[in-house]
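2 protein chains.
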Amino acid sequence: MDTKKYHHGDLKNTLIQAGVEILSEEGVGGLSLRKVAQRAGVSHNAPYFHFADKQALIAAISTEGYRILYEQLVMIRETYKADPRRQLVEAAFMYLRFAQTSPAHFKVTFSNAVEREEAYPDLVAMADNLIGELIQIVDACQKAGILHPAPAGAMAVSVWSAVHGFTSLYIDGQSMHDRLKVAPVDQLLIFTLNQFTVADWSEDHFPLPE
Amino acid sequence: MDTKKYHHGDLKNTLIQAGVEILSEEGVGGLSLRKVAQRAGVSHNAPYFHFADKQALIAAISTEGYRILYEQLVMIRETYKADPRRQLVEAAFMYLRFAQTSPAHFKVTFSNAVEREEAYPDLVAMADNLIGELIQIVDACQKAGILHPAPAGAMAVSVWSAVHGFTSLYIDGQSMHDRLKVAPVDQLLIFTLNQFTVADWSEDHFPLPE
DNA sequence: TTATTATCTTGACGTTGTCAATATTATAGT
DNA sequence: ACTATAATATTGACAACGTCAAGATAATAA
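Chains A and B are the protein sequences, given in the same order.
Note that this note's numbering has the first sequence beginning at 1483, numbered continuously upward.
Note that this note's numbering has the second sequence beginning at 1483, numbered continuously upward.
What follows is the structure, encoded as structure tokens:
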């Protein structure tokens, strides 16, 4: 934004992007400040003029993860404006797809490499944005009679817990899914989502997307 | 077991225990091979005669986490032999309490610091034990008409996803709960659990423990 | 008792996060 | 335009870390 056109131009965002790239190429273990600096073409100490320490860079990468999820949620709400059920199922699969495509970024985003969240207001704000969109979808589903009419906040916690837990367990070595082999992962996610519908369990209330 | 009575006696388990202690005192970031060795009273290289590398020690600590959860699940099943509903609710709260009491150990156990699970058969075996107990509880609940009569494996995935996701989101800075403040965490867990019951949402099917 | 193996120590190397000191470039004030 | 100041970047250093190599010590086997 305003951190531009000095020596490098926009080093801060370049560093964040370099970090995301390293995460996708080498995983969480490969992320180091010095490697990020090298990829951005600056000295090993240049990042310290944009991030207080490694934690701060990780917080920024985490914020970027929240932003990606948030923006996709906004798009989904616009695309399926009149179809709350579709919004919910698309949101759940978007979440899973992000974790499948960028597992290291997903882990860093949530895996509390950031200890003291309150020190990173941008991160908190973006997480708030994400939660806000989520509640809107849950609220719309409740108004449409798809989800139980409990407080939207509580229902959002439950639904997000299920989708987040499902996704986390899946990408962590597929600990469970590989061993159980009870169904393809997409169908299992639908099954999990269906637990939250008002009607009888035996019908599929959420269709598979695509 | 058989790795005993040499110079130190039982260094392998001592190292694992030292790692668990460091996790509880300094968190995930404070865990290093050299500190573990120092706490066990051996040189910085002694651990390499019991663990191939740091990953292997982390895998052992992760296995220990699975063992703790598994053994508590076994105890719960024995204690409430005739009450599947109680088994499920106690299991869920045991899970949350472990994460609250030992957040760093909980994170290490699941947070796939271990990349190639198949290289650690003990870890896979203990995770299988845990999943097995979980399925038994779910199966008992289904037979008692508490959970929907879907395949027990699929239902176990869903329920565990919800509990695990709920717990993960809670300890990761309480990202969501703190911001929503919709209800105390215990009540929210019960609410989440109730989503999986057969009957109407408006009744509480799982009581708060204690 | 000797040979062998398992266990542990010491020392070294490259990488990392971070601090201090210095240099360079952009902006502000005159 | 010119200087002062702040923002940005480099270089160098240090301790801590993971890991390898070489040697020492203690338990077991022959």
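For every residue, glycine included, the Cβ atom is placed at its ideal position computed from N, Cα and C.
Three-state secondary structure assigned by DSSP to Leu1629/B: strand
So, at 7 Å on beta carbons, what are the nonlocal neighbours of Ser1544/A in its own chain, with the 5 sequence-adjacent residues on each side left out? Val1590, Thr1591, Val1596, Leu1605
Chain B contact for Thr1649/A (CB, 9 Å cutoff): yes
Any residues in the segment 1532–1557 of chain A with a beta carbon nearer than 8 Å to a beta carbon of chain B? Which ones, in chain order? none
Which residue spans inside the segment 1557–1610 of chain B form an unbroken beta strand (DSSP E) run of at least 3? none
Return the residues of the segment 1611–1624 of chain A that lie within a Cβ-Cβ distance of less than 8 Å from chain B, sorted by chain order. Ile1613
Where does Arg1567/B land, buried or exposed, given buried means 16+ other C-beta within 10 angstroms? buried
Considering only the beta carbon of each residue, do Leu1497/B and Val1510/B sit closer than 9 Å? no
Range covered by the alpha helix (DSSP H) that runs through Val1518/A: 1515–1522
C-beta contact flag for Val1641/B and Leu1671/B at 9 Å: no
Contact between the segment 1539–1558 of chain B and the segment 1605–1624 of chain B: three or more CB pairs below 8 Å? yes
Hey, is the segment 1618–1632 of chain B in contact with the segment 1635–1650 of chain A, meaning 3+ C-beta pairs nearer than 8 Å? no
So is Ala1564/A buried or exposed if we call it buried at 16+ other beta carbons inside 10 Å? exposed
Going along chain B in order, which residues have a C-beta closer than 7 Å to the C-beta of Ala1665/A? Ala1636
Would you verify that the beta carbon of His1687/B is, or is not, closer than 9 Å to some beta carbon of chain A? Model confidence at His1687/B stands at a pLDDT of 49, short of 50, so the residue's coordinates are unreliable and nothing is read from them.
Closer than 8 Å is the cut-off here; do at least three beta carbon pairs connect the segment 1645–1665 of chain A with the segment 1624–1638 of chain B? yes
Any beta carbon of chain A sitting closer than 9 Å to that of Pro1566/B? no
For Thr1679/A, which beta-bridge partners are listed by DSSP? Leu1629/A
Would you verify that the beta carbon of Asp1654/B is, or is not, closer than 9 Å to some beta carbon of chain A? yes
Any chain A beta carbon closer than 9 Å to Thr1583/B: no
When DSSP labels each residue in this structure, what does Gly1509/A get in the three-state scheme? coil
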